[in-house]
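Before any comments, here is the structure.
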Amino acid sequence: MKPVIILLFLFISLQLSAQKKVEETFSATAINNVVINGNYIFKIDLQTRRSNSIHLITKIEGEYTPEITVAHEIKDSTLYIGSVFRPSFALHNDKLSAHKVVSIEIVLEIPEGLKVYLKSDIGSAKIKGKYAFITAELSQGNCFLNNFIGSGLINTINGNVTIETNYAQVKAHTKYGTLTKESLIYGDNTIEINSINGDINLKKIEK
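Numbering (mature numbering (1 follows the signal peptide of the UniProt record, and there is no 0)), first residue to last: -18 to -1, 1 to 189.
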């Protein structure tokens, strides 16, 4: 019986060591812009709230969990967020090998009315709330903008784009995907959406 208990304990310990969750809250009074380097980040959940603080939740799972973290820095009124490997760590193969053995998710809550720039090689983005302007550049992942209020530029290569908004002027183009658009009420916000292979779906919200 004891060997079974020991093996179970070791299995649980290994599982826990391969998982990491970090929650941070800090002031946003000096921040006007947010830049997210989402390389190696599989899911990006971005939302706004009426607050003067920023709340960041990071979840990391996989073989490389002890070797990677999501760091942030505030410089010149801009918050920079991105994944960082330990200086002593080196990928054995190519850059993409890390994606197979580590999964990173972030949930970021920021004040309303900021400018945001995010990009990711593999990640999908879920964006909700009010922004001054948002730029999203995604290579493989999808982009879902839910109850989105503001202006923006969304570019994807293979990912689909779904946007729920209103009172805006929207230009949308996909080279090889399908485009579905509902008529919006004209507004001052301008949104441009471009994709090469992805589908684009524009939905009207009643706001």
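The beta carbon of each residue, even a glycine, is placed where N, CA and C say it ideally should be.
- If you draw a straight line from the Cα of VAL17 to the Cα of GLU164, it is about 30 Å long.
- Taking C-beta separations shorter than 7 Å and ignoring five residues to either side along the sequence, the partners of GLU119 in its chain run LYS101, ASN137, following chain order.
- GLU55 and SER177 have their alpha carbons spaced roughly 31 Å apart.
- Straight through space, the alpha carbons of LYS2 and GLU43 are spaced by roughly 6 Å.
- Note on geometry: alpha-carbon atoms of THR160 and ILE104 lie some 22 Å from one another.
- For ASN128, the enclosing beta strand (DSSP E) has its first and last residue at 125 to 138.
- Taken atom to atom, the span from the alpha-carbon of LEU38 to that of VAL152 is near 30 Å.
- Apart from the 5 residues on each side of it in sequence, HIS155 sits with its Cβ closer than 7 Å to the Cβ of ASN176 in its chain, given in chain order.
- SER133 has its alpha-carbon roughly 11 Å from the corresponding atom of ASN148.
- Spatial neighbours of TYR158 in its own chain (CB-CB distance under 8 Å, excluding positions within 5 residues in sequence) are listed in chain order as ILE178, ASN179.
- The beta carbons of LEU184 and THR162 sit about 7 Å from each other, so the pair counts as a contact at 8 Å.
- Nearest C-alpha to ASN19 among GLU49, ALA107, PHE8: ALA107.
- Between the alpha carbons of SER9 and ILE131 lies a distance of about 23 Å.
- Under the DSSP assignment, ARG31 falls in the beta strand (DSSP E) whose first and last residues are 23 to 31.
- Classified as buried, ILE63 has 16 or more neighbouring CB atoms from the shown chains inside 10 Å of its CB.
- By DSSP's assignment, GLY111 forms a beta bridge with PHE130.
- For the pair VAL4 and ILE50, the CB atoms are not nearer than the 8 Å cut-off.
- Taking a C-beta distance under 8 Å as the contact criterion, THR60 and ASN124 do not qualify as a contact pair.
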